[in-house]
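Report on the structure given below.
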Amino acid sequence: MSVQNDVLWRDSAAALAARLACGELSARAVVEAHLDRIAATDSALSAFITVAADKALARAEDLDATLARTGRPVGPLHGVPVALKDLTDTAGIRTTYGSGIYADHVPASFCGVASIRPTPGLVPAPKLALGWDTLATHGVIARDTADCALMLGTIAGMDADDPTSLLPPLRDDCDGLPCGLQLIARPGEERRLIRFGRQLERGAGFVHRWPPISAVR
Numbered sequence: 011m012s013v014q015n016d017v018l019w020r021d022s023a024a025a026l027a028a029r030l031a032c033g034e035l036s037a038r039a040v041v042e043a044h045l046d047r048i049a050a051t052d053s054a055l056s057a058f059i060t061v062a063a064d065k066a067l068a069r070a071e072d073l074d075a076t077l078a079r080t081g082r083p084v085g086p087l088h089g090v091p092v093a094l095k096d097l098t099d100t101a102g103i104r105t106t107y108g109s110g111i112y113a114d115h116v117p118a119s120f121c122g123v124a125s126i127r128p129t130p131g132l133v134p135a136p137k138l139a140l141g142w143d144t145l146a147t148h149g150v151i152a153r154d155t156a157d158c159a160l161m162l163g164t165i166a167g168m169d170a171d172d173p174t175s176l177l178p179p180l181r182d183d184c185d186g187l188p189c190g191l192q193l194i195a196r197p198g199e200e201r202r203l204i205r206f207g208r209q210l211e212r213g214a215g216f217v218h219r220w221p222p223i224s225a226v227r
């Protein structure tokens, strides 16, 4: 393992994404660093059932070529290696659904990572086994809360093929949106609009009276 590789796997997903997006790092170098780390530690950890090294390296080279050609990253996780739990069907990679359930169970608070289990439907899963059971839902396990937020923001969204899928929540800020009102008034209406605004500020009420409606017999 090179010195650079020994450093790269320690970076958070957010830090790697930022460095990859600006071209400071290549996606291949980042993938190689994580593959080296898996090779060095997984014999003791047994964290991975399938490591798709060739697919990951090929995809990394594609991403590097795209960034060099367009100058733009492909999505917010451009080049950041991602591991999927072996309960999620993955195209071209075996999915065994196998694990030693609760063997040597260690509480999550002692494992050195952060996680979030979102509301069922926030992350679409149209082909999830037992999809009718809302106990099962896709979530995120990452290095810290910032990485959880980054990953959840990437995988959450509406999917018409998932009947439990939810619309994403509205943003809580106005960044990038035009703020204020545009009003085209006819000449001479300025004073009336000012007077109207003052009435609103004083809490003036408005009543709209509807004509009486005869009862239907």
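In this note's numbering, the protein residues as written are 11 to 227. In this text, a Cβ means the ideal position worked out from N, Cα and C, and glycines have one as well.
Per DSSP, the bridge partner or partners of residue i
{"i": "threonine 100", "result": "Ile103"}
{"i": "alanine 124", "result": "Ala152"}
For residue i, three-class secondary structure by DSSP
{"i": "isoleucine 165", "result": "helix"}
{"i": "valine 150", "result": "strand"}
{"i": "proline 158", "result": "Here residue 158 turns out to be cysteine, not proline, going by the sequence shown. Three-state result, cysteine 158: helix."}
{"i": "lysine 65", "result": "helix"}
{"i": "glycine 207", "result": "helix"}
{"i": "alanine 27", "result": "helix"}
{"i": "arginine 79", "result": "helix"}
{"i": "aspartate 172", "result": "coil"}
{"i": "glutamate 200", "result": "helix"}
{"i": "leucine 132", "result": "coil"}
{"i": "aspartate 143", "result": "coil"}
{"i": "leucine 177", "result": "coil"}
{"i": "leucine 73", "result": "helix"}
{"i": "leucine 87", "result": "coil"}
{"i": "leucine 94", "result": "coil"}
{"i": "valine 17", "result": "helix"}
Proximity of residue i and residue j at Cβ, strictly below 8 angstroms
{"i": "leucine 152", "j": "valine 123", "result": "For the sequence presented, residue 152 should be read as alanine rather than leucine. Their beta carbons are under 8 angstroms apart, which means alanine 152 touches valine 123 by this criterion."}
{"i": "leucine 97", "j": "tyrosine 107", "result": "yes"}
{"i": "threonine 144", "j": "proline 130", "result": "yes"}
{"i": "serine 125", "j": "glycine 163", "result": "no"}
{"i": "valine 40", "j": "leucine 30", "result": "yes"}
{"i": "alanine 68", "j": "leucine 45", "result": "no"}
{"i": "tryptophan 19", "j": "alanine 49", "result": "no"}
{"i": "arginine 47", "j": "alanine 70", "result": "no"}
{"i": "proline 136", "j": "aspartate 169", "result": "yes"}
{"i": "leucine 160", "j": "proline 221", "result": "no"}
{"i": "leucine 73", "j": "valine 61", "result": "no"}
{"i": "serine 22", "j": "aspartate 171", "result": "no"}
Could you pull out every unbroken alpha helix (DSSP H) segment of at least 4 residues lying fully inside the region 34-63, listed in chain order? With a minimum length of 4 residues, the continuous alpha helix (DSSP H) runs that stay inside the region 34-63 are 37-55.
Decide if the region 54-69 is in contact with the region 29-36; the criterion is three or more beta carbon pairs, one per stretch, under 8 angstroms apart. no
Inter-stretch contact (C-beta, 8 angstroms, three-pair minimum) for the region 79-90 and the region 20-30: yes
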